[in-house]
Each structure stands twice: as structure tokens, then as C-alpha cells.
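Trainee: First, the structure itself, so that you have it in front of you.
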Ligand code: SIN
């Protein structure tokens with residue numbers, strides 16, 4: 001498989017894990033559904049580097065009760081609770097449509113316990129058209145699974161190791177920022193056999209309705225995303241790249257709306273980026289980011305965007321930790 005990234009002929013195309021990506025701009029799980037609404041109504045999703053689908057569990061999930069979303073300063077809180085139709089429904093009814101598009105499909109894998117994570121992985125491992133798995137060990141909105149796996153390094157190591165044994169497809173681990181030291185969970189994932197890391201999922205937050213004098217979200221707390229979390233994502237990517245360099249591919253996610261934001265992730269060490277919350281207010285934002293990256297590469301005289309990955313580390317001032 002190989003986790004060395006290789007440039008291909010266009011300024012934004014590359015190969016990673018033996019998969020060819022047209023560009024480093026992916027859509028983030030939970031913010032683009034299964035891609036088909038946009039494909040059928042707005043634009044050809046073959047233009048995207050990859051589509052990461054909403055988290056898939058073994059059994060269908062109804063998710064959390066409303067209210068599940070609230071807008072916050074420069075961001076959004078969500079507590080969806082991983083609503084999804086189940087992995088078998090996805091494979092039988094959605095994937096056949098989705099794989100007609102010429103883009104990479106990454107499936108986000110969720111389980112309430114180790115057994116469920118493995119069952120979902122087994123189904124996706126057999127599913128033709130799913131190129132890679134993104135392990136969701138960071139959802140802050142569920143009582144079982146999600147962040148419960150991603151906040152304890154030993155539990156995380158054991159889960160990643162088991163998943164690794166059940167699939168030959170690339171395994172990316174999507175980490176939570178709701179930890180004291182991101183390097184500990186990054187290390188647990190890498191030692192468990194992850195092919196790459198996705199940084200970061202949402203930050204746990206809360207909003208209160210001052211008239212009703214109660215939390216707005218029914219589950220009280222939710223995951224904060226959007227521009228507000230950009231600097232946190234950039235810092236965590238920088239820290240992890242500082243430790244592993246290019247030996248562990250990092251996919252950056254968190255607060256990206258523009259090419260300028262994406263470039264911060266890339267300069268910190270991300271080899272690709274995911275656009276999440278921006279899709280809700282501008283579904284064309286991934287295409288705008290692709291165009292903006294192309295323009296930036298041209299303006300700066302680079303031949304390929306990979307020349308920029310981790311470049312902000314040239315000032316070798318070591319971060320603590
Ligand atoms: C949710 O469905 O509650 C959000 C998913 C996530 O944060 O991973």
C-alpha cells in the first residue's frame with residue numbers, strides 16, 4: 001500500500017496508499033451526506049479529491065432528539081448522534097450510485113463497541129468502490145463508542161490494531177481535540193497500525209438559551225466546528241507533523257472555508273484537507289478551495305502543492321511536548 005505520497009502530473013494530483021487523488025480537497029464526514037444530493041442538484045462531485053461519507057454503524061441509528069444544531073460565533077454546534085441508515089443499506093443502496101462518480105470514496109466507521117466497529121469494517125472491506133476507511137473515535141455526541149474510544153490511548157491502540165487485522169484497505173483514524181495531549185492518541189493510532197491520521201473532529205461545547213434559561217441542544221452539549229476551530233486544528237496538525245514528519249500522512253479538517261485556510265493546514269503538515277461546516281452555507285466551497293489552491297501554487301511559482309506540505313516547520317523552534 002505504502003503511505004508515501006507521490007506527486008502526479010497536475011499541480012494538485014497525487015498518489016497515496018496506492019490511490020490516485022485528483023486534488024487534496026475532500027469533503028468531511030457528516031457535512032456532505034453521501035454526496036448524492038450535491039451530485040444530483042449542484043455539481044459533478046468527480047471534481048473532488050474524495051468524499052468522506054457520514055459515519056456508518058452496523059445497525060441504522062435515528063440519532064439524537066432535536067434540537068441538534070445551533071449557530072455560534074464563527075461556528076456551529078451539532079449533536080446529531082450519528083444518525084445513519086446502517087452500513088448494509090449504504091453498501092446496497094447508496095454506494096452503487098456514489099461509485100458512478102470518478103472520485104475517491106472514504107467511509108467513516110462507527111461502533112458502540114469493538115465488535116460493532118469490526119462488523120462495520122468487515123462489510124466495508126468487502127465493498128467494491130470504498131477506497132479507504134476513516135475510523136470515527138472522536139464523535140462527542142454519543143454515550144457509547146466515538147470519543148470513548150478516542151480519548152484513552154490504550155483503548156484506541158487496541159481498537160486500531162483489531163481494525164487493522166480486519167481490512168486490507170487504508171485505515172485513517174479521525175482524532176478528537178478533546179484530549180490533553182493529541183500526541184498520545186496520535187501515537188496510539190500509529191502504533192496500532194493506522195495508515196494516516198485525520199485531525200481534528202469537533203470541540204465539545206455548549207450554548208444556552210437565555211430566555212428559556214436552558215441548554216439549546218437537547219443533549220446539552222455538542223461538537224463545535226466552523227471557522228472558530230481553525231487555529232486549534234492548525235496547532236494540532238503542526239504538533240503531530242513535528243513528531244512524525246511525512247512518515248504519517250495527516251489529513252487536516254477543522255475550520256476550512258477558503259484556500260487560505262486550507263494552506264494553513266497544508267503548511268502545518270496536512271497532505272490533504274477536508275471541508276466540513278462550510279458546505280452548509282456554501283456547498284461550492286470545496287470547488288472554490290481547489291481553484292484557490294491552484295491559483296496560489298501558480299502565483300508562488302511552485303510546480304506542485306506537495307512542496308508546501310509541512311513548510312511552516314522551516315523555523316525549527318521545537319514545540320514543547
Ligand atoms: C454526530 O453525528 O453527532 C457528529 C459526528 C461526529 O462528530 O463524528
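Residue numbers (UniProt numbering): 1 to 321. The beta-carbon is built from N, C-alpha and C at its ideal position, and this holds for glycine as well. In this text the structure is predicted, and so the values were computed from the model without any measurement.
1) Nearest-angstrom Cα distance between residue 171 and residue 254?
2) From this set, 243, 148, 98 and 61, which residue's C-alpha is nearest residue 130's C-alpha?
3) Could you tell me which of 36, 32 and 160 sits nearest to residue 192, measuring between CA atoms?
4) Take the Cβ of residue 200 as the centre, count every other Cβ of all protein chains shown within 10 Å, and call the residue buried at 16 or more, exposed below.
5) Can you tell me which of 301, 273, 95 and 68 puts its alpha carbon nearest to the alpha carbon of residue 48?
6) Is the Cβ-Cβ distance between residue 145 and residue 245 less than 9 Å?
7) Of the choices 266, 150 and 141, whose alpha-carbon is the least far from that of residue 134?
8) Measure the C-alpha to C-alpha separation of residue 37 and residue 107 and round it to an integer number of angstroms.
9) Which residue or residues does DSSP assign as beta-bridge partners of residue 336?
10) For residue 304 versus residue 241, is the C-beta spacing smaller than 9 Å?
11) From which residue to which residue does the alpha helix (DSSP H) around residue 376 run?
12) Classify residue 265 as buried or exposed, calling it buried when 16 or more other Cβ atoms lie within 10 Å of its own Cβ.
13) Cα separation between residue 236 and residue 229?
14) Which of the three DSSP states is assigned to residue 181 in this structure?
15) Beta carbon of residue 153, beta carbon of residue 194: below 9 Å?
16) Would residue 119 be called buried (16 or more neighbouring beta carbons within 10 Å of its own) or exposed?
17) Give me, in chain order, the residues of the same chain whose beta-carbon lies closer than 7 Å to that of residue 121; leave out the 5 immediate sequence neighbours on both sides.
18) If we count the other Cβ atoms within 10 Å of its Cβ and call it buried at 16 or more, is residue 46 buried or exposed?
19) For a minimum of 4 consecutive residues, which ranges assigned as the alpha helix (DSSP H) are wholly contained in the stretch 253 to 278?
20) Using C-beta distances below 7 Å, list every residue in its chain close to residue 285, excluding the 5 sequence neighbours before and after it, in chain order.
21) Return helix, strand or coil for residue 61, following the three-state DSSP convention.
22) Nearest-angstrom Cα distance between residue 77 and residue 232?
23) For the beta strand (DSSP E) holding residue 174, just list the boundary residues, first then last.
Mentor: From the atom records:
1) Position 171 of the chain shown holds residue 171. Position 254 of the chain shown holds residue 254. Computed Cα separation, rounded: 20 Å.
2) Against the chain shown, residue 130 aligns to sequence position 130. Residue 98 is the option with its Cα nearest to residue 130.
3) Here residue 192 corresponds to residue number 192 of the chain shown, with the count starting at 1. Nearest C-alpha to residue 192: 160.
4) As a working mapping, residue 200 is identified with position 200 in the chain shown. It is buried - the Cβ of residue 200 has at least 16 other Cβ atoms within 10 Å.
5) In the chain shown, the residue the question calls residue 48 occupies position 48. Just measuring C-alpha positions, the residue of 301, 273, 95 and 68 sitting nearest residue 48 is 273.
6) Within the chain shown, numbered from 1, the residue matching residue 145 stands at position 145. Within the chain shown, numbered from 1, the residue matching residue 245 stands at position 245. No, the pair does not count as a contact, with Cβ atoms beyond the cut-off.
7) For this step, residue 134 is matched to residue 134 along the chain shown. Residue 134 has its Cα closest to that of 150, out of 266, 150 and 141.
8) On the chain shown, position 37 is the one that residue 37 refers to. On the chain shown, position 107 is the one that residue 107 refers to. Looking at the two C-alpha atoms, the distance is approximately 17 Å.
9) With the chain covering 1 to 321 only, the question about residue 336 has no answer from this structure.
10) Position 304 of the chain shown, counting from 1, holds the residue named residue 304. Position 241 of the chain shown, counting from 1, holds the residue named residue 241. Cβ atoms of residue 304 and residue 241: not closer than 9 Å.
11) No answer is possible for residue 376: the residues shown for the chain start at 1 and end at 321.
12) Against the chain shown, residue 265 aligns to sequence position 265. When all chains shown are included, residue 265 counts as buried.
13) Locating residue 236 in the chain shown gives position 236, counting from the first residue. Locating residue 229 in the chain shown gives position 229, counting from the first residue. Each residue's alpha carbon lies about 11 Å from the other.
14) Taking the first residue of the chain shown as 1, we reach residue 181 at position 181. DSSP, reduced to helix, strand and coil, places residue 181 outside both helices and strands of the structure shown, so it counts as coil.
15) For the purposes of this step, residue 153 is identified with residue 153 of the chain shown, where counting begins at 1. For the purposes of this step, residue 194 is identified with residue 194 of the chain shown, where counting begins at 1. Result no, Cβ atoms of residue 153 and residue 194 do not sit closer than 9 Å.
16) Along the chain shown, one-based indexing puts residue 119 at 119. By the neighbour-count rule (16 or more Cβ atoms within 10 Å), residue 119 is buried.
17) Against the chain shown, residue 121 aligns to sequence position 121. If we look at residue 121 and ignore the five residues flanking it on each side, its Cβ neighbours are 109, 133, 163, 166 and 167.
18) One-based indexing of the chain shown puts residue 46 at position 46. Classification of residue 46: exposed, given that the 10 Å Cβ count is below 16.
19) List check, alpha helix (DSSP H) in window: 259 to 268.
20) The sequence position of residue 285 within the chain shown is 285, counting from 1. Excluding positions up to five away in sequence, the list reads 257, 275, 278 and 279.
21) Here the question's residue 61 lines up with position 61 in the chain shown. Strand.
22) Looking up residue 77 in the chain shown gives position 77. Looking up residue 232 in the chain shown gives position 232. Going from the Cα of residue 77 to the Cα of residue 232 covers about 16 Å.
23) As a first step, residue 174 must be located in the chain shown, where it is residue number 174. It spans 171 to 175 - the beta strand (DSSP E) in which residue 174 sits, taken as one unbroken run.
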